[in-house]
Amino acid sequence: MKVLTTVEAFREWRRGAADPLGFVPTMGALHAGHFSLMEHARAECAAAVASVFVNPTQFDDPDDCRNYPKTWETDLALAREAGMDAVFAPSFEALYPDSYTYRVTETGRSPTLEGEHRPGHFDGVLTVVLKLFQIVAPGRAYFGEKDWQQLDLVRGMAEAFFLPLEVIACPTVREADGLAMSSRNRRLSVAARERAPELYRALVESATAAAARGRLAAAGFSVQYVEDAGTRRLAAVELEGVRLIDNIPLSETPCAAVGDAAPNLTGAAL
Ligand code: PAF
């Protein structure tokens, strides 16, 4: 497995790589969710690449960026085990020669949900993903459904800019108790880790988003949002200062079981 840190070195490697190239963009701190994305890329493409880059432009809180878990050696071991042909791990200077003076902004759906609580977040995500797509030139790019709004916006960007690639969605990977896999889970205390699966349970078991909000607040979560939008129920909470997000299909909620119409609160393609 090649580890490449400059745009020039990556492009040199790319010239000899087979097509279609599968791509899994990550911020490192790899876990079973990333492993599943890499397995899909490996199985469905002729060659596969993961990137590891903690993208500062998508963090609205600099402390959150500083505290983001960094596990470089285990990341490389996992990428190797998943059969990646290369890992692209550029520096900020390599990826942002413009110092982020150029950026991609989606103005319709990105100000809602995550975007409302994390100003500028999706500008940073879409900008770095577009940069990575330009360098990696994948035929297929793999994103987890856990970051549903990100997936929706990346898909929209690929369509809007006629990017010659397929965006592939992969299901959320969960711990045995239902907690969605996330790099941030490592920051939960033992006590918070025990309470965290209540987020998933509240989403699945509540008849309405409002009921889920109430249940989570009563359980001591600081609730940023729980909303039914399009086909999904989406939520973000904080537990002992650690931010957790999750989403499930509305078809898995009691709301679907009793046949309630799901409101599309964002008016979006979510
Ligand atoms: O989902 C993530 O880990 C990040 O948002 C991504 C897509 C790698 C962009 O930095």
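In short: position in the sequence shown from 1, add 659, done, that's this note's numbering. C-beta: ideal position from N, C-alpha, C; glycine also.
Go ahead and pull the three-state DSSP assignment for P908.
strand
Environment of Q793 [buried if 16+ CB atoms lie within 10 Å]
exposed
Per DSSP, which one or two residues make a beta bridge with R799?
G681 and E825
Name, in chain order, the residues that DSSP records as bridge partners for A839.
R833
Rank P908, G873 and R670 by C-alpha distance to the C-alpha of Y884 and give the top, closest one.
G873
When every heavy atom of the ligand PAF is checked, does at least one fall within less than 7 Å of the C-beta of Q809?
yes
Measuring CB atoms only, is the region 664-676 touching the region 684-695, in the sense that at least three cross pairs come out at less than 8 Å?
no
Taking 7 Å as the cut-off, is the CB of D615 close to at least one heavy atom of the ligand PAF?
Residue 615 lies beyond the residue range present for the chain, which begins at 660 and ends at 929; the question has no answer from this structure.
Do the region 688-696 and the region 731-739 meet, that is, are 3 or more Cβ pairs less than 8 Å apart?
yes
Comparing C-alpha positions only, which one of A839, C724, R846 and T766 sits nearest to R857?
Before going on, a small fix: residue 857 reads as Glu here, not Arg. The candidate whose alpha carbon is nearest that of E857 is A839.
Nearest neighbour of L903, chosen from A868, R852 and T764 [CA to CA]
R852
Do V788 and the ligand PAF come close, with the Cβ less than 7 Å from some heavy atom?
yes
Whole alpha helix (DSSP H) elements within the region 677-744, 4-residue minimum
691-703, 721-725 and 731-740
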